[in-house]
Every structure is written in C-alpha cells, then in structure tokens.
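Going down the list, the protein sequences come from chains A and B.
Residue 108, in the working numbering, is where the first sequence stops; the numbers in between run on with no holes.
Residue 349, in the working numbering, is where the second sequence stops; the numbers in between run on with no holes.
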Amino acid sequence: MLRESAKAQNQPVNIVALTKPPLDALLPLGNELIAFVDAISLVDFDELPVARERLLAAGGPGAVTRAAAVCADFECTNRVVDAIGVPVNKKFYDIGDELGVTVPDHLR
Amino acid sequence: MKYSRSLRCGSLTARSWIVNNVEDSLVTHVAINGASMHTHTLPAVESAISAALAAIASPGSFFTGAERIAFAEHARAARGLGEVTSSLPPILAEAVARVAADAKSSRLAHVEAWEADGREVLAYIELVSVVAQITGIDSYRFALGHELEPLPAPVPGGPVPIVDADAAKMNAWVPTVGVALAPTALTALPNEKAAKKTLASAWYIPDNVIHKYGEEPGLELSRPQMELVAARTSWLNECFF
C-alpha cells in the first residue's frame, strides 16, 4: 500500500529503505518516522524520547500522535494475522523478494 | 512468572513549554523524568480506547471479564510493561505471552494443542483479539510517553457466546467468515471484530478511503507517510501484512 499510495500521488518512494533505514525513503519525515517506529516497536525506553522529540521538531505534534496511532494499529493487527495464520497473499511475494525477505512456509 | 520492567514515565514535573490549540485537539508538552510526554490528543482515539478497555473488561463469548483482564495483564508483562498479579492456566498464559511478545512464532500446532486441551478454537480467537487490542493500546500510550491505563475492574457475569454462524475454516488456522484476510480475521466473533475495527478506524485510514490510494484522508500525516509507519512496524514484527 505504501508503493500504491505513493504512486497514486506521484510521490517518489524507496521501499527498500523500509528494511535498510540508512537509505532514504524519499518521503518527508521518512527518517524521523522510521526512528520513532523503531523505538516504539522495539520498546526502546532510551531511544523513544529522543526519536519522539526529533519527529516533533521536524513534523509537529500532530505528526507524532498520528505516527503513534498508525504504529499502534499495526502492532495490533500484526498480532491478529500472525496468531491465527492468515496466509500471505501471493501478490506480495514479489515485494518480499525485493525487500530481501522470504515468506515463511507456514504462511504460504 | 514475574516481570520486573515497568514504564519509566510518571512523576510529572511542573514544566510545561508549549500550549497550543489545533482544531479539535489540545497540544501540551510536559516534562516527565527529564523526558517529554506528548499530550497532543486525538479525541476519536481516546474514545475508541475507552470503549475497547470497557469491552475487554466485560464478559466475552468464551471468557469472563476477569479472565480477559488477566489476558491483558499478562500481555503487558510479556512485553516488559507491567507485572503479573493474576494466574492463568499454562496453555492460556503461554498463548497470551506468545501473541503479545512473539506472535510471529505462532504456528498451527499451537492451535491444535489448544483444541487438544479441550478448548474451543473460537475461544483462541477471543484471546488473540484481547491481547492484540491491549498491545496496540499500550503501544500507543508508550509511544507518547503516557502512563498505561490502569486495567478496569472486570464486569461480573459469565461469557455469552456470540458467534457468526457462517464462520468456517477456510485458509487460516481458525474459522472466519469468508476468506481469511486481515479485515476478516476476527469475523467469527462479531463483537471482537467490532471492537478491533473501532480502534483501527481511529488509529489509521478510514475504511471509506482505505483502498483509494490517491485520496488523502486529511489526517496529520500524508497517506504515504502513514503507510511508511505501517510497513516499518510490520517489518519489525516480521509480519507480512
């Protein structure tokens, strides 16, 4: 959906940056958003305040809150789909290859 | 099972350095233990979280409110965000911890073991739903430097099964209504599906524009920025959704 929405909006995006953060995702606030998500999802007590302040400074308070909300939604949904064994749609296999990840057998 | 790590936020200091009104939200930033707590709020999210917590504390289709609150407590502890004061049968405690802290390790064998223990597979869906919801809520609070909500007192009463009669095993490990996809994952239990959807609608892109990729929902981040957050979260969770 990242690729689709960026394409629909003529917004350049480098999806490989998803898996290799030093790369630039080419989106405004891309680096700040990734650092914030990393601190949340990895429950990193030390990095989180730093990442939050960086995103706040660059994007403002609304960006911080919405990023937290979207991350929370996927923390929730990821657990549901993994725990009940929702198979990965075959159309995403190619994206997995592009990102250097392989869909595990139990989700094919 | 005991976990000692707890959230390091609290002890609000008196310092407040930004106060600003933005449409329907209030923005303040106050120092907590030397770090900031972000208090820009989204009313729809606050409302959805309140509703979700109330639902978690209420009897479900297969578990009492007390059991569901115990799931939430164990889920917090499994992520290092709280301590366990309640006890659960081992198969429930293990399932909660796995879904909360290592969902990617879930396998069909876990569901089979659940059923071999004499439990309804639909009850497993309820457990997954409760754990996933509290994990999302806690992640949101943690992200913003907030205290986690105290878990509400359980509502008395026994479980009342509310199950969609059309649910059947399709392509997932548990019954769903129709093909199992992220939006249909909890469809066997309509109340759980509804509770999760309420949260999702407040946190993410509204349903009416979710697949209109060129359309901006008019939120605080652009759609591609929100998708970046979503995709990175899934990547870190080793989830392919």
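Glycine included, C-beta positions come from ideal geometry on N, C-alpha and C.
DSSP three-state assignment for residue i, whether helix, strand or coil
| i | result |
| --- | --- |
| proline 12(A) | coil |
| serine 212(B) | A quick correction: the sequence has lysine, not serine, at residue 212(B). Looking at lysine 212(B) - three-state DSSP - the assignment turns out to be helix. |
| lysine 277(B) | strand |
| histidine 106(A) | helix |
| glutamate 243(B) | What sits at residue 243(B) in the sequence shown is threonine, not glutamate. DSSP places threonine 243(B) in helix when its eight states are reduced to three. |
| proline 332(B) | helix |
| proline 28(A) | coil |
| proline 87(A) | coil |
| phenylalanine 250(B) | helix |
| phenylalanine 179(B) | helix |
| leucine 18(A) | helix |
Integer Cβ distance of residue i from residue j, believed to fall under 8 Å
| i | j | result |
| --- | --- | --- |
| threonine 295(B) | alanine 156(B) | That pair is no contact at about 19 Å. |
| phenylalanine 170(B) | proline 267(B) | 5 Å |
| alanine 69(A) | tyrosine 248(B) | 6 Å |
| glycine 265(B) | proline 167(B) | 5 Å |
| leucine 33(A) | valine 337(B) | 6 Å |
Of the residues the options, the one placed nearest residue i, counting alpha carbons only
| i | options | result |
| --- | --- | --- |
| asparagine 89(A) | Glu75(A), Asp105(A), Gly100(A) | Asp105(A) |
| isoleucine 245(B) | Asn316(B), Val287(B), Arg187(B) | Arg187(B) |
| alanine 159(B) | Ala290(B), Ala308(B), Ala208(B) | Ala308(B) |
| valine 239(B) | Asp274(B), Ala165(B), Glu220(B), Pro269(B) | Ala165(B) |
| serine 5(A) | Arg215(B), Pro264(B), Tyr321(B), Pro198(B) | Tyr321(B) |
| serine 194(B) | Leu327(B), Ala261(B), Ile233(B) | Ala261(B) |
| aspartate 36(A) | Gly59(A), Gly85(A), Ile95(A) | Sequence check: residue 36(A) is phenylalanine here, not aspartate. Comparing Cα-Cα distances from phenylalanine 36(A) to each of Gly59(A), Gly85(A), Ile95(A), the minimum goes to Gly59(A). |
| glycine 190(B) | Thr147(B), Leu235(B), Ile242(B), Asn316(B) | Ile242(B) |
| alanine 217(B) | His146(B), Trp281(B), Leu336(B), Ser237(B) | Trp281(B) |
| threonine 19(A) | Leu29(A), Ser41(A), Val101(A) | Val101(A) |
| valine 229(B) | Phe250(B), Leu200(B), Ala251(B), Tyr248(B) | Leu200(B) |
| glycine 30(A) | Phe348(B), Asn345(B), Glu346(B), Ala339(B) | Ala339(B) |
| valine 204(B) | Ser214(B), Ala224(B), Asp225(B), His182(B) | His182(B) |
| glutamate 98(A) | Pro87(A), Ile15(A), Ala8(A), Glu75(A) | Ile15(A) |
| asparagine 345(B) | Phe45(A), Val81(A), Leu33(A), Leu55(A) | Val81(A) |
| proline 49(A) | Arg206(B), Tyr232(B), Ala251(B), Ala211(B) | Ala251(B) |
DSSP beta-bridge partners of residue i
| i | result |
| --- | --- |
| proline 291(B) | None, per the DSSP bridge assignment. |
| threonine 284(B) | Ala276(B) |
Name, going along the chain, the residues of the region 12-26 of chain A whose beta-carbon falls closer than 8 Å to a beta-carbon of chain B.
Val13, Ile15, Leu18, Thr19, Ala25
What are the residues of the region 47-71 of chain A that lie near chain B, defined by any Cβ-Cβ distance shorter than 9 Å?
Leu48, Pro49, Val50, Arg52, Glu53, Leu56, Gly59, Gly60, Pro61, Gly62, Ala63, Val64, Thr65, Arg66, Ala67, Ala68, Ala69, Val70, Cys71
To be precise: take each residue of the region 327-342 of chain B, compare its Cβ to all Cβ atoms of chain A, and keep it if any distance is under 7 Å. Which residues remain?
Leu327, Glu328, Leu329, Arg331, Pro332, Gln333, Met334, Glu335, Leu336, Val337, Ala338, Ala339, Arg340, Thr341, Ser342
Check each residue of the region 278-303 of chain B: if its Cβ is closer than 7 Å to any Cβ of chain A, include it; give the result in chain order.
Asn279, Ala280, Trp281, Val282, Ala288, Leu289, Ala290, Ala293, Leu294
Using a Cβ-Cβ cut-off of less than 7 Å, give me the residues of the region 205-223 of chain B that come near chain A, in sequence order.
Val207, Ala211, Lys212, Ser214, Arg215, Leu216
Residues in the region 189-202 of chain B having any Cβ partner in chain A nearer than 7 Å
none
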